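Chain order of the listed sequences is A and B. Heads up: the first sequence runs through residues 82 to 399, numbered per this note's numbering. Heads up: the second sequence runs through residues 82 to 399, numbered per this note's numbering. Worksheet: the structure to be examined is printed underneath.
There are 2 protein chains.
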Amino acid sequence: MSKTTRTRKTTKATKTNVKGMPLVIVGSIGLDDIATPHARRESLLGGSVSYACAAASFFTRVGMVGIIGSDFPAKYLDLYRRLGIDLEGLQRVQGKTFRWAGEYDTDLINRHTLRTELNVFETFMPELPDRYRDTPFLLLGNISPELQLHVLAECRRPRFVVADTMDLWIKIARDALMRVIGRVDMLTLNDSEARLLTGIHNIRQAASCILGWGPQYVVIKKGEHGAMLVSRRGISLIPAYPLGAVQDPTGAGDTFAGAFLGVLAKGGVVHAGAVRAALLYGSVVASFGVEAFSLDRLAHLKRSEIARRLAELKKMIA
Amino acid sequence: MSKTTRTRKTTKATKTNVKGMPLVIVGSIGLDDIATPHARRESLLGGSVSYACAAASFFTRVGMVGIIGSDFPAKYLDLYRRLGIDLEGLQRVQGKTFRWAGEYDTDLINRHTLRTELNVFETFMPELPDRYRDTPFLLLGNISPELQLHVLAECRRPRFVVADTMDLWIKIARDALMRVIGRVDMLTLNDSEARLLTGIHNIRQAASCILGWGPQYVVIKKGEHGAMLVSRRGISLIPAYPLGAVQDPTGAGDTFAGAFLGVLAKGGVVHAGAVRAALLYGSVVASFGVEAFSLDRLAHLKRSEIARRLAELKKMIA
């Protein structure tokens with residue numbers, strides 16, 4: 082762990098003078114109470130931007146745009162810093178941090194929301210520090226499409242924008258979500274959400290339908306079954322690493338998207354091969370993330386572990 | 082179609098004098114009534130050995146071991162013959178053919194059995210023609226484990242034996258099934274069946290558990306999500322071809338196993354690379370099979386279509 086910490090600090094130190102930010106991510110930050118069939122944990126660090134920034138931090142400098150209350154534990158801020166995440170876009174306000182409580186079924190896939198307290202998130206209006214506005218890579222993590230549109234408008238000329246979403250926004254904010262979809266390069270969503278959004282049961286047809294609304298790429302996430310990248314040029318299948326044990330799947334999609342964009346931002350180029358290669362990284366980092374609650378596994382993950390598992394995954398499909 | 086027919090006849094004619102049989106498959110033959118959310122069809126040709134032999138016939142000569150009644154339509158026998166399937170092991174007896182009726186849910190995955198009439202299948206005792214007994218490759222298709230054991234005992238020295246099974250046998254004939262598992266080189270079963278058989282929820286752990294009972298390979302079938310090959314040497318992920326439309330998933334697993342063993346028997350060698358390559362063929366032929374009811378798509382499938390889709394699938398994971 083000390084080795085990881087050292088590596089990260091070095092990276093940050095050598096690049097901190099660069100003015101611009103290669104990757105910016107906006108999303109929620111929450112304190113989560115999570116129950117699985119095997120364990121129950123409280124006030125865990127969660128939220129889409131926490132997972133996504135942590136995952137991206139292995140590959141590039143990343144700016145976090147989010148909001149926390151005055152009750153936000155100092156140890157979680159320390160973790161952000163230790164991972165080298167840039168916090169200039171993080172708003173700290175009086176009040177309580179967003180809270181979410183959920184419970185997973187035996188399959189560790191289906192979950193029920195037990196409680197949601199918006200708290201400081203209720204009046205959140207993301208504001209990008211000036212040096213974030215020229216970011217070439219932007220991840221609109223899972224928050225309301227209205228906020229996603231606001232952040233998009235604050236960026237000057239992003240080269241590649243990815244939006245993630247969830248069933249809630251499809252149900253209660255479809256119009257705004259459709260505007261987001263029309264303005265991004267890639268949309269990521271679950272298979273069930275793709276069905277809900279399009280009204281089409283077949284995943285391949287649903288993805289084609291979404292491509293017709295504007296994005297160049299659609300990524301259909303299928304949890305333990307991997308993901309499917311669909312573009313006008315064809316389909317690419319992204320395998321999931323077959324884990325021997327899953328502890329907590331919360332944030333897996335955010336981790337996947339964050340690592341993906343971290344790798345893409347590091348390379349700086351966007352073409353079909355680079356996108357597929359970066360998605361494989363996303364799959365691998367997400368597989369580590371679900372091995373423990375919250376960001377516990379990502380906090381101590383080494384780059385060498387990522388490289389080793391990526392090689393293993395590639396061998397499984399070779 | 083005429084081209085396919087010609088090709089098959091040539092193959093059969095040139096090899097029909099060879100004494101031995103490179104591949105033998107035993108299983109059920111049924112007349113199926115199938116209802117999906119979109120259609121309802123009656124007295125379709127079905128049964129595990131029908132699908133498996135049809136799929137294998139694209140790659141090798143295959144001997145069918147099964148039983149039909151006097152009501153079995155001549156057109157279905159003609160189809161077997163047109164595909165070049167060797168029928169010396171097919172018992173034709175007085176009485177009615179096995180019948181099965183099932184209904185699929187909207188997802189075209191879950192299904193309910195509406196009716197089962199064993200008929201001539203009730204007293205079925207498979208008997209292998211002498212020239213089948215030296216077969217190097219044997220597929221014990223989905224029938225009762227007692228019958229699978231009987232067929233296995235009739236073979237002299239098979240080089241590679243695969244057994245398929247289903248939840249029914251796990252529930253009502255576990256002891257006999259465990260004897261089968263202890264004597265075969267590969268077991269194929271669905272993810273839910275692997276859980277039921279081992280009592281272990283995690284698929285990777287369940288597969289490892291089954292390996293401990295004897296087989297060199299376990300193939301966990303996951304339908305539209307592909308399959309996972311597990312051996313002591315590691316894991317190989319077999320993708321499913323993403324279809325734009327599925328008509329009838331009945332027999333997909335049998336088609337997968339039949340094509341797999343057809344390719345393996347054609348090559349004549351068994352090693353990790355050959356097994357993975359043959360499983361990819363299985364995945365592709367199964368993807369064609371579910372595009373239509375019964376054997377309708379397989380009956381008119383061309384080898385060139387298989388080759389083309391295989392190349393497409395490989396590109397999706399390259």
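Note that CB positions come from ideal geometry on N, CA and C, so glycine has one too. Model, not experiment: these values are computed from the prediction.
Proximity to Leu318(B) [Cα-Cα], best of Cys290(A), His306(A), Gly325(A), Lys156(A): What you label residue 318(B) is simply residue 237 of the second sequence in a count that begins at 1. With distances taken between Cα atoms, Leu318(B) lies closest to His306(A).
Cβ of Leu292(B) within 8 angstroms of any chain A Cβ: Reading the second sequence from its first residue, position 211 is the one you call residue 292(B). False, the Cβ-Cβ gap to chain A never drops below 8 angstroms.
Quick test of your reading: Val261(B) and Gln229(B), contact by CB under 8 angstroms. State the CB separation rounded to the nearest angstrom. Taking the second sequence and counting its residues from 1, one reaches residue 261(B) at position 180. Taking the second sequence and counting its residues from 1, one reaches residue 229(B) at position 148. Their Cβ separation, rounded to whole angstroms, is 5 angstroms, which keeps Val261(B) and Gln229(B) in contact under 8 angstroms.
Under 8 angstroms Cβ to Cβ from Ala373(B), same chain only, skipping five residues before and after it: list those, please. The residue given as residue 373(B) occupies position 292 in the second sequence. If we look at Ala373(B) and ignore the five residues flanking it on each side, its Cβ neighbours are Gln328, Asp329.
Any beta carbon from chain A within less than 8 angstroms of Val300(B)'s own beta carbon? Residue numbering aside, residue 300(B) sits at position 219 when the second sequence is read from its first letter. Cβ-Cβ to chain A under 8 angstroms: no for Val300(B).
Alpha helix (DSSP H) segments (min. 4 residues) lying fully within the region 252-337 of chain B: 255-262, 272-279, 284-292
Could you name the residues that DSSP lists as bridge partners for His381(A)? Here residue 381(A) is taken as the residue at index 300 of the first sequence, counted from 1. None, per the DSSP bridge assignment.
Val232(A) vs Thr269(A) beta-carbon contact at 8 angstroms: Looking up residue 232(A) in the first sequence gives position 151. Looking up residue 269(A) in the first sequence gives position 188. Not a contact, by the Cβ cut-off of 8 angstroms.
For Glu198(A), I'd like the list of residues in its chain whose CB is within less than 6 angstroms of its CB, leaving aside the five on either flank, ordered along the chain. Within the first sequence, numbered from 1, the residue matching residue 198(A) stands at position 117. Excluding residues within five positions, the ones whose Cβ falls inside 6 angstroms are Arg180.
Would you say Gln286(A) reaches chain B, if we count a Cβ-Cβ gap shorter than 8 angstroms as a contact? Along the first sequence, one-based indexing puts residue 286(A) at 205. Yes, Gln286(A) lies at the interface with chain B (some Cβ there is under 8 angstroms from its Cβ).
Exposure of Met102(B), with buried meaning 16 or more beta-carbon neighbours within 10 Å: Taking the second sequence and counting its residues from 1, one reaches residue 102(B) at position 21. Buried, because 16 or more other Cβ atoms sit within 10 Å of the Cβ of Met102(B).
DSSP state of Phe218(A) mapped onto helix, strand, coil: Stepping through the first sequence from its first residue, residue 218(A) is reached at position 137. Residue state, collapsed to three classes: strand.
Are any of the Cβ atoms in chain B nearer than 8 angstroms to that of Lys84(A)? As a position in the first sequence, residue 84(A) is number 3, starting the count at 1. With a pLDDT of 38 at Lys84(A), under the threshold of 50, the modelled position of this residue cannot be trusted, and the question is left open.
Is the CB of Asn283(A) under 8 angstroms away from at least one CB in chain B? For the purposes of this step, residue 283(A) is identified with residue 202 of the first sequence, where counting begins at 1. So yes, Asn283(A) belongs to the interface.
Taking the CB atoms as reference points, tell me whether Gly128(B) and Gly108(B) lie closer together than 8 angstroms. Taking the first residue of the second sequence as position 1, residue 128(B) is located at position 47. Taking the first residue of the second sequence as position 1, residue 108(B) is located at position 27. A contact, by the Cβ cut-off of 8 angstroms.
Which bits of chain B does Ala326(A) rub up against, with CB to CB less than 9 angstroms? Sequence index remark: in the first sequence, residue 326(A) carries index 245 (1-based). Going along chain B in sequence order, the residues near Ala326(A) (Cβ under 9 angstroms) are Asn283, Arg285, Gln286.
Mind checking if His306(A) is an interface residue toward chain B, Cβ cutoff 8 angstroms exclusive? Counting from 1 along the first sequence, the entry for residue 306(A) is found at position 225. So yes, His306(A) belongs to the interface.
For chain A, check one thing: does any of its Cβ atoms lie closer than 8 angstroms to the Cβ of Met397(B)? Along the second sequence, read from residue 1 onward, the residue named residue 397(B) stands at position 316. So, interface residue.
Please classify Glu274(B) as buried or exposed, where buried requires at least 16 other C-beta atoms within 10 Å of its C-beta. Numbered from 1 along the second sequence, position 193 holds the residue referred to as residue 274(B). Glu274(B) comes out buried.
Kindly list, in the order they appear in chain A, the residues whose Cβ is closer than 8 angstroms to that of Pro323(B). If you number the second sequence from 1, residue 323(B) lands on position 242. Near Pro323(B) (Cβ distances below 8 angstroms), the residues of chain A are Ile284, Arg285, Met309, Ile316, Leu318.
Can Pro210(A) and Glu169(A) be called in contact, C-beta distance under 8 angstroms? Here residue 210(A) corresponds to residue number 129 of the first sequence, with the count starting at 1. Here residue 169(A) corresponds to residue number 88 of the first sequence, with the count starting at 1. Going by C-beta atoms, Pro210(A) is nearer than 8 angstroms to Glu169(A).
Cut-off 6 angstroms between Cβ atoms - residues of its own chain near Asp114(A), not counting five sequence neighbours on either side: Here residue 114(A) corresponds to residue number 33 of the first sequence, with the count starting at 1. Cβ neighbours of Asp114(A) beyond the five flanking positions: Glu123, Ala182.
Mind checking if Lys303(A) is an interface residue toward chain B, Cβ cutoff 8 angstroms exclusive? Taking the first residue of the first sequence as 1, we reach residue 303(A) at position 222. Lys303(A) counts as touching chain B.
With 16 as the cutoff for other CB atoms within 10 Å, does Ser225(B) come out buried or exposed? The count along the second sequence starts at 1 and reaches residue 225(B) at position 144. Under this definition Ser225(B) is a buried residue.
If distances are taken between C-alpha atoms only, which option among Ile110(A), Ala120(A), Thr141(A) comes closest to Ala346(A)? Here the question's residue 346(A) lines up with position 265 in the first sequence. Ranking the options by Cα distance to Ala346(A), first place goes to Thr141(A).
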